[in-house]
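In the working numbering, the protein residues as written are 1390 to 1476.
Glycine residues also receive a C-beta, built at the ideal position from the N, C-alpha and C atoms.
This report refers to the structure that appears directly beneath it.
Below is the structure:
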């Protein structure tokens, strides 16, 4: 599938969960329709995003903490809205 560049030298193989995190990370403030992309319920999408963010912690704790704590879900879309730029 390819690789995803999160910035700061963090380049990881592409998986469905990492793709969702990458979309959120690279489009700060923009709604990402994770429910329709993953084809699951909102609760299942939230759990997948949170699990994948936790797994990302082995490569970059900074990215994992930012994505785990600043992703907001509403109406089937997720939005990454950090209080400040986490990069």
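Below 7 Å between beta carbons: does that hold for residue 1442 and residue 1456? yes
According to DSSP, what are the bridge partners of residue 1461? 1468
message: Suppose the cutoff is 8 Å on Cβ atoms and the five residues either side in sequence are ignored; what does the same chain contact list for residue 1430 look like?
response: 1424
Discussion item. Can you tell me where the alpha helix (DSSP H) holding residue 1397 begins and where it ends?
Written reply: Where residue 1397 is concerned, there is no enclosing alpha helix (DSSP H), given that its DSSP letter is neither H nor E.
### Task
Using three-state DSSP, classify residue 1423 as helix, strand or coil.
helix
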